[in-house]
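Notes follow the structure.
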Amino acid sequence: MSGKTFFLVALLVCYVIAIPPLVADYYEKTVSVTPSGRVLVNSHYKLRNDAPESETPFSRLDYSMSYDEQQKSIPGMTLILPMGVSNIKYFDRIGNITSSSVRAHGEQAVEVSVLFRYPLMGGWKTDLNITYEMPGHLLATSGPNHAMQATVVDKVVPEIHYKHLVSHVTFPQGSSRTAIDFPEAIGRAPKSHDSVPAFMDWRPRPRMTVRVDELTNGNSLAPMTVSYFMPTTTRMVQYAGIASIGAMVVLVLLVIKKLWNM
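Okay, structure coming up:
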């Protein structure tokens, strides 16, 4: 039996991590739950096209007539949101943008297509905010216990590479036992607890925050589970406070009207 000789050699493996051209240098998402059970979402993007900058000046006419120029740019993006979202608004630094459309995406979601005010060419940047209200049935309630699932980042097409991501969850005023079960992929990311003032609240609202750097697979993240404890009596006290303020305003207006007619 003839012996065989084996050799051990070093193997150099080279690979490239595909980073999407649409980069969010900063992304901040705030999920705010009100005492009445409304879930409001505000997403702030600082976007940049990571492709090389063009050496020639931009021309709207040349852009509309050149297929190659259109392929290099990012004209907009599409958000995949739960079915039943409402009050969708989209604006940038200049103001509100109406170039958006909403259509069904299967049976459980909707597509919100937004066009940037200008197509993002290589190296170009834009800031924008997208706000919407989640459907109320996503907030499960069992007596004083409340829970819901929400995404850490909005699902966006095309995929976004997040340089720095901040995700807040603001709980109702007077709530306790607040907790968030984050996806395993960001389970070790730094988290913090603080409180934020809110309009017509008699004390600050608790808030939890997670910060993540260099995230590419945002669309594949599992949702986070948000839970908190809020007795019915606490909610009723808040409603009574708001009603009393409204009654005082009406009374003051009636007094002013009476004095004006004298």
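For reference, each letter of the sequence shown is one residue, going -18 to -1, 1 to 244 in mature numbering (1 follows the signal peptide of the UniProt record, and there is no 0). Even for Gly, the Cβ is constructed at its ideal location relative to N, Cα and C.
Is it buried or exposed, residue i, if we count other Cβ atoms within 10 angstroms and call 16 or more buried?
i	result
Leu235	exposed
Pro188	buried
Ala132	buried
Asn31	buried
Ala(-9)	exposed
Val151	buried
Val94	buried
Ala122	exposed
Gly156	buried
Val134	buried
His128	buried
Tyr114	buried
Leu233	exposed
Leu4	buried
Met47	exposed
State the DSSP-derived secondary structure class of residue i, mapped to helix, strand or coil.
i	result
Leu43	helix
Val232	helix
Gln53	helix
Ser157	coil
Asn243	helix
Val96	strand
Val237	helix
Glu196	strand
Glu166	helix
Leu121	coil
Ser226	helix
Ser209	strand
Ser18	coil
Ser36	coil
Ser202	helix
Ala129	strand
Ser48	coil
Thr(-14)	coil
Residue i bridges to which residues according to DSSP?
i	result
Thr113	Asn24, Lys71
Ile62	Glu93, Lys137
Glu10	His26, Val148
Met190	Val151, His175
Leu102	Ile56
Leu4	Asn31
Arg85	Glu93
Less than 8 Å between the CB atoms is what I'm expecting for residue i and residue j, so what's the real figure, rounded?
i	j	result
Thr91	Met65	Just to set this straight, residue 91 is Ala in the shown sequence, not Thr. That pair is a contact at about 6 Å.
His87	Ile62	6 Å
Gly200	Ile142	6 Å
Thr191	Ser149	7 Å
Lys145	Asp7	5 Å
residue 314	Ala161	In this structure the chain extends from -18 to 244, so residue 314 is not present and cannot be described.
Ser202	Met103	Rounded, the Cβ-Cβ distance is 28 Å, inconsistent with contact.
With a cut-off of 7 Å, does the C-beta of residue i fall near any C-beta of chain C?
i	result
Asp163	This model lacks chain C altogether; it includes just one protein chain.
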